[in-house]
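Remarks on the structure that follows.
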Amino acid sequence: MNDKVDAGSTARDWFAELTARIPNFVGYQGKDQRRTADKMVRDTMVFKLDDLREILSDVIEKANDAETSVIDDISKILRTMNELRDKVEFLGYGDTTFFTDEQLDPDFLSRVYQLETQIYDNLDELETAFESPKDLGRRDTLRDIRKRLEVISQDFAARKETLKSLQ
């Protein structure tokens, strides 16, 4: 699911979809819980990326007679995943309006929840691509993984810009 964010889309309850994925997530409505909620969202993303990185590391470790170029491709994907993981985990909170405003517009919150849900959808699809370790040696699978990582990275950048846009 790689839907671009549609500001007019209200058919889906993005908050409900996000809370279904993150236990105890209370959302960003209250100013006092925003930092905790943001950390919870990002920690869940990092956890999923760590699991997927571990799978790729095991594939490289067990690849005895594998084609060197496939191992190189997997290594590049691992580096990309490491960079994405670090962006997600170590993104500074800053003093943006997102964290200091008393009340946030419901449409704005819906947009943030939608972006986060899209990231989780893409992480789920990425996880599906990892289900068969033997497929991780196929070029088309590796190409698909690279594309999904790029989409996740773009969605995370869009999330970051959306949070900054309140200033």
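Using my numbering, read the sequence shown as starting at 142 and increasing by one per residue. C-beta: ideal position from N, C-alpha, C; glycine also. Note that the coordinates shown come from a computational prediction; the quantities given were computed from them, not determined experimentally.
Would you say residue 278 and residue 229 are within 7 Å of each other, going by their C-beta atoms?
Position 137 of the sequence shown holds residue 278. Position 88 of the sequence shown holds residue 229. Contact: no.
Measure from the C-beta of residue 270 to each C-beta in chain D and report whether the shortest distance is under 7 Å.
The structure shown contains no chain D; it is built from a single protein chain.
What do you reckon, are the CB atoms on residue 197 and residue 257 nearer than 7 Å?
Taking the first residue of the sequence shown as position 1, residue 197 is located at position 56. Taking the first residue of the sequence shown as position 1, residue 257 is located at position 116. Result no, Cβ atoms of residue 197 and residue 257 do not sit closer than 7 Å.
Inter-residue spacing [alpha-carbon to alpha-carbon] between residue 237 and residue 179
Residue mapping note: residue 237 aligns to position 96 of the sequence shown, counting from 1. Residue mapping note: residue 179 aligns to position 38 of the sequence shown, counting from 1. Between residue 237 and residue 179, the alpha-carbon positions lie close to 13 Å from each other.
For residue 271, three-class secondary structure by DSSP:
Counted from its first residue, the sequence shown places residue 271 at position 130. Coil, per DSSP.
Complete alpha helix (DSSP H) runs within the region 219-307 (minimum length 4 residues, chain order)
238-241, 247-270 and 280-305
Report buried or exposed for residue 189, applying the criterion of at least 16 other Cβ atoms within 10 angstroms of its Cβ.
Within the sequence shown, the letter at position 48 stands for residue 189. Buried, by the Cβ-count rule.
In terms of alpha-carbon separation, which member of 264, 281, 203 and 165 lies closest to residue 295?
The count along the sequence shown starts at 1 and reaches residue 295 at position 154. Comparing alpha-carbon positions, the option among 264, 281, 203 and 165 lying closest to residue 295 turns out to be 264.
Between 262, 221 and 252, which lies nearest to residue 299 when the distance is taken from Cα to Cα?
The residue labelled residue 299 in the question sits at position 158 within the sequence shown. Closest option to residue 299, Cα to Cα, is 252.
Cβ-based burial, residue 231 [other Cβ within 10 Å; buried from 16]:
The residue given as residue 231 occupies position 90 in the sequence shown. Residue 231 should be labelled exposed.
Coarse secondary structure for residue 157, derived from DSSP in three states:
One-based indexing of the sequence shown puts residue 157 at position 16. Helix.
Give the straight-line distance between the Cα atoms of residue 305 and residue 249, rounded to the nearest whole angstrom.
Residue mapping note: residue 305 aligns to position 164 of the sequence shown, counting from 1. Residue mapping note: residue 249 aligns to position 108 of the sequence shown, counting from 1. Straight-line measurement puts the Cα of residue 249 at about 12 Å from the Cα of residue 305.
Taking 7 Å as the cut-off, decide whether the C-beta atoms of residue 226 and residue 187 are in contact.
Taking the sequence shown and counting its residues from 1, the one referred to as residue 226 is at position 85. Taking the sequence shown and counting its residues from 1, the one referred to as residue 187 is at position 46. Result yes, Cβ atoms of residue 226 and residue 187 sit closer than 7 Å.
What do you get for residue 331, buried or exposed, if any count of 16 or more other CB atoms within 10 angstroms of its CB means buried?
The requested residue 331 is not part of the displayed model; the chain covers only 142 to 308.
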